[in-house]
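Chemist: Residue numbers for the sequence shown follow UniProt numbering, beginning at 1 and rising by one.
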Amino acid sequence: MIIEPRTRGFICLTSHPKGCEQNVIDQIEYIKSKGAIDGAKKVLVIGASTGFGLASRITSAFGSGASTIGVFFEKPPSEGRPASPGWYNSAAFEKEAHKAGLYAKSINGDAFSNEIKKQTLDLIKADLGQIDMVIYSLASPVRTHPDTGAKYKSVLKPIGAKFQNKTVDFHTGVISEVSIEPAQGDDIENTVAVMGGEDWKMWIDDLKSEGLLSEGFTTIAYSYIGPSLTEAVYRKGTIGRAKDDLEATAFTISDSLKPLNGKAYVSVNKALVTQASSAIPVIPLYISLLYKVMKEEGIHEGCIEQIQRLFQDRLYADKIPTDDKGRIRIDDWEMRADVQARVAELWKEATTETLPKIGDLKGYEKDFFNLFGFMVEGVDYDEDVNEIVEIPGLQ
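1) Please state whether DSSP places F163 in a helix, a strand or coil.
2) Residue range of the alpha helix (DSSP H) that R309 falls in?
3) Would you list the one or two residues that DSSP bridges to E387?
4) Taking Cβ to Cβ, would you say M195 is nearer than 9 Å to L246?
5) Would you decide whether H171 is buried or exposed? Buried here means 16 or more other CB atoms lie within 10 Å of its CB.
6) Which same chain residues end up closer than 6 Å to D244 when comparing Cβ atoms and leaving out the 5 residues on each side of it in sequence?
7) Where does the unbroken alpha helix (DSSP H) through S137 begin, and where does it stop?
8) Would you call the segment 115-128 and the segment 26-35 touching, i.e. three or more CB-CB distances under 8 Å?
9) Of the residues A100, L44, P141 and A55, which one's Cα is nearest the Cα of I31?
10) Taking Cβ positions, are F112 and S140 nearer each other than 9 Å?
11) Quick one: Cα of I204 to Cα of M1, how far?
12) Would you mind reading off the limits of the alpha helix (DSSP H) that contains A250?
13) Evaluate contact between the segment 357-372 and the segment 56-69, counting only Cβ atoms and requiring at least three cross-stretch pairs below 8 Å.
14) Could you check what DSSP says for residue 410 in three-state terms: helix, strand or coil?
15) Can you say whether S15 is buried or exposed, counting buried as having 16 or more other CB atoms within 10 angstroms of its CB?
16) Rounded to whole angstroms, what's the CA-CA distance from F369 to S278? Just pull it up for me.
17) Helix, strand or coil: which one does DSSP assign to A341?
18) Drop a sphere of 10 angstroms on the beta-carbon of P321, count the other beta-carbons inside from all chains shown, and report buried for 16 or more, exposed for fewer.
19) Assuming the contact rule is C-beta atoms closer than 8 Å, S137 and G47 should be a hit. Round their C-beta distance to whole Å, please.
20) Cβ atoms of L257 and K319: under 9 Å apart, would you say?
21) Where DSSP assigns a beta bridge to E177, which residues make up the other side?
22) Could you tell me which of P17, A264 and P5 sits nearest to P77, measuring between CA atoms?
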């Protein structure tokens, strides 16, 4: 079939297998071009199919020669219906990993569930014995608690007062005012239950109790802080409370890993175009201005560049540099004072008329469609493609 992008708001309803494959190959080639990283050799990536999780799996495998197990929740293809992009990404990754002689297997299902945890633990026991690193990169809007059966839904809301500011429809370039009512009732608790640290800790506790963690084991989860422009709706909002919980959980996990000389970290990453960030009002406008500034300064990074730098310069350094709250900061270039000052100036000037000149909406749009395998260089979108693609190591 010929597959074209079909969008509804901040979601693309289709994905392109060849485009996703090329995207993955491009990331692999980037990692190989940067040289070997002396890192973990047996790695579990929870949330391995897109964004930072996928970049982490690629960097582990092709930077450090690691055996990887990826856990994700993706929609497989059916006749006449493409899979979700993460399915095609994972298929392409495994194909390339196996070609390179690397161990790579995957599990598709709800990572919050006890069933998927048990399946993963059984696979580690059977194939790897122990693991050296867990990368926790889940981005789900809902969670069913595996023990109580309670269902939680996260919300993106400010706390205490209504939020009003500019936003942009990145499809049309039209800037408008957005208004978001503050959190009510159980909004904060629900968001923390979905996006906080409880599930991360459950994974590590289960792995540790089964003796599946190696001496010197490391685990890392990803977070975001961002600028004052977005803090009311992000870092000081419901999602920020969840990130606070995630970051606090790193210390709890580290305490439990002391007998193994293990450690848990949170890495604060830069703002990037992801399926999740596209849904957050204000963020697309902020990113389009940020991209413009960072590209002009020659310090722009995508997911793969961020994670390669994180692994090479931070995670496997002799002494891992952290901030006063124990976090690894790989958002350092984004949060540079000169960069933020320039973005704040541009924000004041941003209108529908000025944005094409002062922002990088085209860069934002390209990155968004790249997530789904569209607008990828070197792909013929007029060509018939087979939507039915298997993941070679799917369990």
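Built from N, CA and C at the ideal position, the CB exists for glycine as well.
Modeler: This is what the structure gives:
1) strand
2) C303 to R309
3) For E387, which the question treats as bridged, DSSP gives no partner whatsoever.
4) yes
5) exposed
6) none
7) That residue, S137, is in no alpha helix (DSSP H); it is neither H nor E in DSSP.
8) no
9) A55
10) yes
11) 43 Å
12) T238 to S256
13) no
14) The shown model of the chain, from 1 to 395, leaves out residue 410, and the question about it has no answer.
15) buried
16) 11 Å
17) helix
18) exposed
19) 4 Å
20) no
21) K166
22) P17
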